[in-house]
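Engineer:
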Amino acid sequence: MKTAAAANGFEIASSKLALEKSKNPAIRAFAQHMITDHTRIGEAFVAALGKANTGITPAPGLTPDLDKIMSDLSAKSGAAFDAAYVAAQTQGHMDAVGLFGGYAKGGSNAVMREFAIETLPTIKMHLTMCYELATSKAASR
0 MKTAAAANGF
10 EIASSKLALE
20 KSKNPAIRAF
30 AQHMITDHTR
40 IGEAFVAALG
50 KANTGITPAP
60 GLTPDLDKIM
70 SDLSAKSGAA
80 FDAAYVAAQT
90 QGHMDAVGLF
100 GGYAKGGSNA
110 VMREFAIETL
120 PTIKMHLTMC
130 YELATSKAAS
140 R
C-alpha cells in the first residue's frame, strides 16, 4: 500500500515537471490528465485506507528509486525530457497494473481490494495512453 502511494505521488510530481519542462502539446495534455486522475486516485486511496482500518498512513514523498527518476527527469530538457517522461510513465503504469491487478485478485483487505478493482481500469487506460503517446512519435518531437 505504501508502494501505491509513492507511485501515485510520482505520477503527479513527474507530470507537474512535464508541464514545466515540455513544450510538446501532446505531452502537456497527457501530463495534465495524469495530474487530474492521480489526484483523484490519491484522495480515494486515502479515504479507502481510513475506511479499511489498516493502520497504515501513506508516507509522504517518493521512494529512493522514484526520487532518482525524478532527478534524472529534472536534468533533461526538450525531446530528451519528453522521451524520458513517457518512458517513466509507461514503466510506472506497467508496475501499477501489476500491483493493483494482484491486489484486486488476492488482496487480504476487502475495502482495499475493492479500491484496487475500481481503480485498475483507469490505470490500464493510462498505460494504453502511454503506449499511444510513445508510438505516435509525439515524445520525440
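Residue numbering for the sequence shown follows numbering that gives the first Met the number 0, beginning at 0 and increasing consecutively.
In this text, a Cβ means the ideal position worked out from N, Cα and C, and glycines have one as well.
1) If I measure Cβ to Cβ from Leu-72 and keep anything under 7 Å in the same chain, skipping five residues before and after, which residues do I get?
2) Should the stretch 20-34 be regarded as contacting the stretch 121-138, the criterion being three or more beta carbon pairs within less than 8 Å?
3) Report the option in Gln-90, Thr-89, Met-93 and Pro-120 whose CA atom is closest to the CA atom of Ala-103.
4) How about Phe-114 and Ala-47: are their beta carbons less than 7 Å apart?
5) On the criterion of 16 or more Cβ atoms from any shown chain inside 10 Å, does Ser-21 qualify as buried, or is it exposed?
6) Among residues of its own chain, excluding the 5 on either side of Thr-62, which ones have a beta-carbon nearer than 7 Å to its beta-carbon?
7) With 16 other CB atoms within 10 Å as the buried threshold, where does Asp-64 fall?
8) Answer with buried or exposed for Gly-8, where buried requires no fewer than 16 other C-beta atoms within 10 angstroms of its C-beta.
9) Report the rounded CA-to-CA distance for Gly-106 versus Lys-75, giving the unit in angstroms.
10) Could you have a look at Lys-15 and say whether DSSP puts it in helix, strand or coil?
11) With C-beta atoms as the reference, is Ile-11 less than 7 Å away from His-37?
12) In chain order, what residues of the same chain have a beta carbon less than 6 Å from the beta carbon of Ile-116, not counting five sequence neighbours either side?
13) Using C-beta distances below 8 Å, list every residue in its chain close to Val-45, excluding the 5 sequence neighbours before and after it, in chain order.
14) Using a 10 Å radius around the Cβ and a threshold of 16 neighbouring Cβ atoms, would you call Thr-118 buried or exposed?
15) At the level of alpha carbons, what is the spacing between Asp-94 and Gly-101?
Structural biologist: Looking at the atomic coordinates:
1) Ser-13, Leu-16, Phe-80, Ala-83, Tyr-84 and Ala-87
2) yes
3) The candidate whose alpha carbon is nearest that of Ala-103 is Pro-120.
4) Contact flag set, yes.
5) buried
6) Ala-5
7) exposed
8) buried
9) 38 Å
10) helix
11) Yes, they are a contact pair.
12) Same-chain partners within the cutoff: Ala-103.
13) Pro-57
14) buried
15) 11 Å
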